[in-house]
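J.: Here you go, one structure.
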Amino acid sequence: MSVNELFTKLTRVWVPDPDDVWKAAEITRDYKEGEAVLHLQLEDGTPLEYQVGPKANALPFLRNPDILVGENDLTALSYLHEPAVLHNLRVRFLESNNIYTYCGIVLVAINPYEQLQIYGEEVITAYSGQNMGDMDPHIFAVAEEAYKQMARDEKNQSIIVSGESGAGKTVSAKYAMRYFATVGGSSSDANVEEKVLASNPIMEAIGNAKTTRNDNSSRFGKYIQIGFSRHYHIIGANMRTYLLEKSRVVFQAEDERNYHIFYQLCASASLPEFKDLSLMSAEDFTYTSLGENIFIEGVNDANDFKKTREAFTLLGIKESSQSSIFKIMASILHLGNVEIVSERDGESCHVTRNDVHLQHFCRLLGVELKQMDHWLCHRKLATASETFVKTMSCQQAVNARDALAKHIYARLFDWIVEHINKALHTSTKQHSFIGVLDIYGFETFEVNSFEQFCINYANEKLQQQFNSHVFKLEQDEYMKEDIPWTLIDFYDNQPCIDLIEARLGILDLLDEECKVPKGTDQNWAQKLYKQHSSSGHFQKPRMSNTSFIIIHFADKVEYQCEGFLEKNRDTVYEEQINILKASEFQLVADLFQDKSDAPPSKSSKVNVRSLKTVPKVPNKEHRKTVGHQFRSSLHLLMDTLNATTPHYVRCIKPNDLKEAFSFDSRRAVQQLRACGVLETIRISAAGYPSRWTYPDFFSRYRVLMKKSDLTSADKKQVCKNLLETLIKEPDMFQFGKTKIFFRAGQVAYLEKLRTDKFRSACIKIQKTVRGWLQRIRYRRVRRAAIGLQRYGRGYLARRYAEFLRQNRAALICQKQYRMVQERRKFLRIRRATVTIQAYARGMFTRRIFWEFMLHHKAMLIQKHVRGWLQRKKFRRARDAAIIIQCAFRRMQAKRQLKQLKIEARSAQHLKKLNTGMENKIVQLQRKMDEQSKELKTQNEQLVTANASLGSEVTKLQKQLEQIRSQQPDGGQVESLQEEVERLREELQEAQAQRKRMEEEHGSEKHSLNQRVEELEAENALLKAEKDELNRRIQQQAKNSAAEESSASLETELNQERERYQNLLKEFSRLELRYDNLKEEMALSKFQPGHHRNPSNQSSLESDSNYPSVSMSEVGDTEDSIQLVDEMGVEKAAMDISLFMKLQKRVRELETERKRLQVNLDKMEELAKRKGPEPKTPTPDVATGDLAYNNLKVPESNRSRSGPQRSTSFQTILLDKPVKPVTVQNRSSG
């Protein structure tokens, strides 16, 4: 299509904007090719004259139709360019809160800075087994696609997660691992998935830190391979790490923190198990307070530390190893607080006297305090033939201290990763794996150093792999649809990679400068300018001679040369490492052992040899620079990725303020350019980005077809005919087997034609509808006139009706008024009548009240009598309840007795039963006494009640006589007599009840006596059974005497073996210390007699494992030589006594070893001569006793019928693995 057809009135476009990057506008006047102005109107109504032409702006980008806005795949857009991609992401993120969007094979994930409920178990279940295009974009969809391709194609997969700090890389990788652990879990070994997930909190604790961009930023890259079995269940995992930011251990920028583990330790310092670490608050340690902010909002370091320790335990790291790890971490903190003070001359320094933190550091690492104190401020200078000890300046010593701290942390980090891999390793053969790569994205700061150079170098390699993979998939799609294709031109960053890693590239020149004795960053920069000034990807800044610019695929980056050589060397002094190698703690010593110096694997023989017999060979690993190691590991990573099917996740940080669902267009565009999303769009736009299936195309654009084509059965041919008619250029589309492929902008053109078709149809519809509306309007006016007439006539009729209603209402008002007057008169008369009635009723009521009061007095007498009767009835009911309780308890006792008889046969419970039976007899006797006392009390209460009842009867009789004398009324007398008679009957009934209770008590007492006799008989029987069982137990004890003797002998042999191994360990450690001291003595003895002229000094410096300085740095005056002489003599005098003690201790250890060997031989012969006696179990008639005897017989005696064990004691001692033990240094005693 021509420009005139595209840029017409009402067409929407994108124009650049300094704030929002791109703004939407609409063309207000048709554009003719060659015009210099494009008339636009912004969305807010502002007119804009957009300058176009060769010397001005190019024509603006066209906007996609509304139907395509919000698509979940960016490659489905008709116009593929930067503003379309940015707008689509903004709409999905802000309006729909969708953080995931596809871009071809890439998943774009925008960090919402808010916890979303889209990662639960039900979401995992929903995505499991689904195709990638059937569900909304999600990290689970990418993980499911990788899992499905691994199972379907039987090929290893990789998920590459990248993005800048704070974009959500680690969280995305974590959710992908959680998906694999859930979908690929095995019911037979569910602990494997838990271990894989448990590695996350450990790695976050030791490898994550707070930065200005992210509160939980990963300061290292990692590649985790999750292994699957043949049935595609997780069987293990393996982790590789890259570019740990060691400098963070000793330095943090403002408002940043060190690694989380240090703050977690300080927050848990009050725990009892951490008392010996001598920890303080994180504000009191130098290495944790440089950022001046030790807290993270919403994070509890103590709770996170509990999770870290639980993860250590779940991964099988023992408590002792955890304690050692925390000691090393605490020692690093104390090392940072060691105060180094400069001397007056400024060329030497010393550690402050009795520095507490240095003491804690040496105690926690198990090293010599004096040696560490000395070598923190001194170093060796090695020439071709001689070695000197030179003091360091204060700044040099501080740098050396910080380098040691970084080295210790890096070694410990590698050790933890290694043990995590061991915990995740499985013996089951791995069938396939899925790798998850979490690595830094492209970085560019105001000051870029060696770390940013390595990160961007890695991203160049990953982008190259990404470009080639996307290009291959694009070509495979065309071949699958059988359409002609031409080679797509895409950005190839191989020249930039060659600039970095090729021969005489930046890394080679950097390594070469590191080998030069006096190499500097400035000299290296000059070599770069000279070697690569002609390269198209290398530039020299105009205003600087100590920096260089590399044109990366994402942007130009200027690197400052300062610090490149030091960071590439990553040196630490050999003397300090040797002290740590001689640590009395096994873990500390193992951390700093070179691979070539590692102890041999366990075997059947134990060999002890002196370290001095083997000459020290320089380790080539130490000569490898950081750049060389990173390049090697990166090549290995790329080989792994190239051997797998990759899946890409690009994480985008929407804003720098960490606000939830806030989108900064400028920051988003920078990251889209850096992570290669726009390059994917460009590759797609170079081919056929828009693809429609034939049914979808037919359904969408059927309005453009002829009526005869709509009934055709061959929809594919109908689509071809339509496109050939509408689009004249045949290169703008291609027909595949199942899809139609369009060039960029063709779908938008078809949408424009469809819109025009709808617009013309709309005009015709409007014409017809408007005529119909006018006819409707005329009919409405006619009906309104008729209605007005009708309403006028009705109004006159209603007025007449209203007049009639008013007359009738007047009559009703008169009637109501008269009625009110009569009613008031009636109410007055009624009130007077009610008043007279009230006075009369009051008089009658007072009379009734007097009669009622007399009746109330009589009722009061009756109340007291009835209360006494109720109390008597309650006592009777209580006694009956006690009898029922006794019967129920007797039944329970019988059941318990039956159960006790069954348990009485057990010898273990016999004594307990006898004691319980005696207690029960005493309890029953006590119960009988209590019941007797209770019966006696009840009898006394009954006698008292009878006496009170008699007195009350007498009182009533007197009252009766008084009533008879006062009032001759016979009715009340008769009622009182009846009451007296009733009380007498109740008294007799109470006496009868008392007799019955006495009889029942006697029978109960008799039954209890019988029960006591039965229990005594059973007690005697149980005592007899107890004696029989005791006799059997004694017999069994005699039979097991030989077994116990054998067990004690084996225990003693194990103790001797362990002691022997401890002596071997101590012997090796003392030999190492002996060599260190001997070397120092040799230096001390040599220095006093060494005098040389300045002319004899060498100007060369040897290339050793650790840095040294040239002889020009050594003072050549006679005074300095004399000072060295005096120091050497004093040092030699101090070390002779210690040397003699060590020699004596070595001889003692050798004698002890020979004595132990003789004891072992004797004990071995004794074990051969003395065999365990066979035991014959005593027959028993009871099945339960026979089972009990079988439990007493050990496993070794049950298998005596098989072949006898012929393994010698020495073989048993040497075949078992030797556990690492800590031997205390007893040389001082």
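The UniProt record's numbering puts the first residue of the sequence shown at 1, with every later residue one more than the last.
Glycine included, each C-beta is placed from N, C-alpha and C at the ideal position.
1) Determine whether the beta carbon atoms of Leu-243 and Cys-454 lie at a separation below 8 Å.
2) Considering only DSSP beta bridges, list what Ser-162 is partnered with.
3) So, with DSSP's three-state summary, where would you put Gln-1036?
4) On a CA-only basis, which of Val-192, Thr-211, Gln-225 and Glu-114 is nearest Val-171? Give me that one, please.
5) Which first and last residues belong to the beta strand (DSSP E) in which Phe-564 is found?
6) For the candidate residues Glu-822, Cys-886 and Thr-725, whose alpha-carbon lies nearest to that of Leu-704?
7) What are the residues that DSSP puts in a beta bridge with Met-239?
8) Using only alpha-carbon positions, find the residue among Arg-700, Met-203 and Ala-143 that is nearest to Phe-433.
9) From what residue to what residue does the alpha helix (DSSP H) around Ile-439 run?
10) Give, in chain order, every unbroken run of the alpha helix (DSSP H) that is at least 4 residues long and sits entirely within the stretch 76 to 125.
11) Apart from the five residues on each side of it in sequence, which residues of its chain come closer than 7 Å, Cβ to Cβ, to Asn-545?
12) Under the three-state reduction of DSSP, which class applies to Ser-603: helix, strand or coil?
13) Assess, as a yes-or-no matter, whether the stretch 375 to 384 is touched by the stretch 295 to 304 under the definition of 3 or more beta carbon pairs within less than 8 Å.
14) Whole angstroms are fine: how far does the CA of Leu-369 sit from the CA of Leu-657?
15) Taking the straight line between their C-alpha atoms, what separation do you get for Asp-30 and Trp-692?
16) Could you check if Gln-576 is buried or exposed, using at least 16 other CB atoms within 10 Å of its CB as the buried criterion?
17) What is the DSSP secondary structure of Ala-351, reduced to helix, strand or coil?
18) Going by the beta-carbon positions, is the gap between Ala-269 and Asp-301 smaller than 8 Å?
19) Hey, would you say Asp-731 sits closer than 8 Å to Asn-721, going by beta carbons?
20) How about Val-669 and Val-21: are their beta carbons less than 8 Å apart?
21) What is the rounded straight-line gap between the Cα of Glu-82 and the Cα of Leu-678?
22) Where DSSP assigns a beta bridge to Val-557, which residues make up the other side?
23) Mind listing, in chain order, the continuous alpha helix (DSSP H) runs of no fewer than 4 residues lying wholly within the stretch 485 to 529?
24) Whose CA, out of Arg-178, Ile-921, Gly-745 and Phe-388, lies closest to the CA of Thr-125?
25) Please confirm whether Lys-715 and Phe-698 have their CB atoms less than 8 Å apart.
26) Strictly by DSSP, which residues pair up with Gln-51?
27) Going by the CB atoms, is the gap between Phe-361 and Ser-331 shorter than 8 Å?
28) Measuring alpha carbon to alpha carbon, tell me which residue in Gly-519, Ser-583, Asp-590 and Phe-538 is nearest Glu-562.
29) What's the call for Gln-837, buried or exposed, on a 16-neighbour Cβ count within 10 Å?
30) Under 8 Å by Cβ, that's how I've got Asn-208 and His-260 pegged, so tell me the actual separation to the nearest angstrom.
31) For Ile-67, name the three-state secondary structure that DSSP assigns.
32) Using a Cβ cut-off of 8 Å (strictly closer), state whether Ile-159 contacts chain D.
33) In whole angstroms, what is the alpha-carbon distance linking Arg-982 and Gln-885?
34) Could I get the ranges of all uninterrupted beta strand (DSSP E) runs contained in the stretch 315 to 377, with 3 residues as the minimum, in chain order?
35) Checking the sheet assignment: what are the DSSP bridge partners for Tyr-694?
T.: Let me lay it out:
1) Taking 8 Å as the Cβ cut-off, Leu-243 and Cys-454 qualify as a contacting pair.
2) Arg-650.
3) Gln-1036: helix per DSSP, three-state reduction.
4) That would be Glu-114, whose Cα lies nearest to the Cα of Val-171.
5) Segment 564 to 569 is the alpha helix (DSSP H) holding Phe-564; no beta strand (DSSP E) there.
6) Of the candidates Glu-822, Cys-886 and Thr-725, the one whose C-alpha sits nearest the C-alpha of Leu-704 is Thr-725.
7) Met-239 pairs with Ile-224.
8) Among Arg-700, Met-203 and Ala-143, the Cα nearest to that of Phe-433 is on Ala-143.
9) Per DSSP, Ile-439 belongs to no alpha helix (DSSP H) and is neither H nor E.
10) Within the stretch 76 to 125, the complete alpha helix (DSSP H) runs of at least 4 residues are 82 to 90.
11) Same-chain partners within the cutoff: Ala-525.
12) The predicted model places Ser-603 with a pLDDT of 34, which falls under 50 and marks its position as unreliable; any figure quoted below should be read in that light. In the structure shown, Ser-603 sits in coil (DSSP, three-state: anything other than H, G, I, E or B).
13) Result no; under three Cβ-Cβ pairs closer than 8 Å.
14) Take the alpha-carbon of Leu-657 and the one of Leu-369: they are about 48 Å apart.
15) Taken atom to atom, the span from the alpha-carbon of Asp-30 to that of Trp-692 is near 30 Å.
16) Gln-576 comes out buried.
17) Note on identity: in this sequence residue 351 is Val, with Ala being the wrong assignment. Val-351 falls in the strand class under three-state DSSP.
18) Against a cut-off of 8 Å, the Cβ pair of Asp-301 and Ala-269 comes out as no contact.
19) Taking 8 Å as the Cβ cut-off, Asp-731 and Asn-721 do not qualify as a contacting pair.
20) For Val-669 and Val-21, yes; Cβs fall inside 8 Å.
21) Whole-angstrom Cα-Cα distance: 7 Å.
22) Checking the DSSP bridge columns, you'll see Val-557 partnered with Ile-550.
23) The stretch 485 to 529 is shown to contain whole alpha helix (DSSP H) runs of 4 or more residues at 494 to 501 and 506 to 515, in chain order.
24) For Thr-125, the closest of Arg-178, Ile-921, Gly-745 and Phe-388 by C-alpha to C-alpha distance is Arg-178.
25) Taking the C-beta atoms as reference points, Phe-698 is found nearer than 8 Å to Lys-715.
26) Under DSSP, Gln-51 takes part in a beta bridge, and its partners are Val-37.
27) Cβ distance < 8 Å, so Ser-331 and Phe-361 count as in contact.
28) The shortest Cα separation from Glu-562 among Gly-519, Ser-583, Asp-590 and Phe-538 belongs to Gly-519.
29) Classified as exposed, Gln-837 has fewer than 16 neighbouring CB atoms from the shown chains inside 10 Å of its CB.
30) So it is a contact: roughly 6 Å between Cβ atoms.
31) In the structure shown, Ile-67 sits in a helix (DSSP, three-state: H, G or I).
32) In the structure shown, chain D cannot be found, because there is only a single protein chain.
33) In this structure, the straight-line span from the alpha carbon of Arg-982 to that of Gln-885 is close to 32 Å.
34) Listed in chain order, the complete beta strand (DSSP E) runs (minimum 3 residues) inside the stretch 315 to 377 are 340 to 342 and 349 to 351.
35) Beta-bridge pairing by DSSP links Tyr-694 to no other residue.
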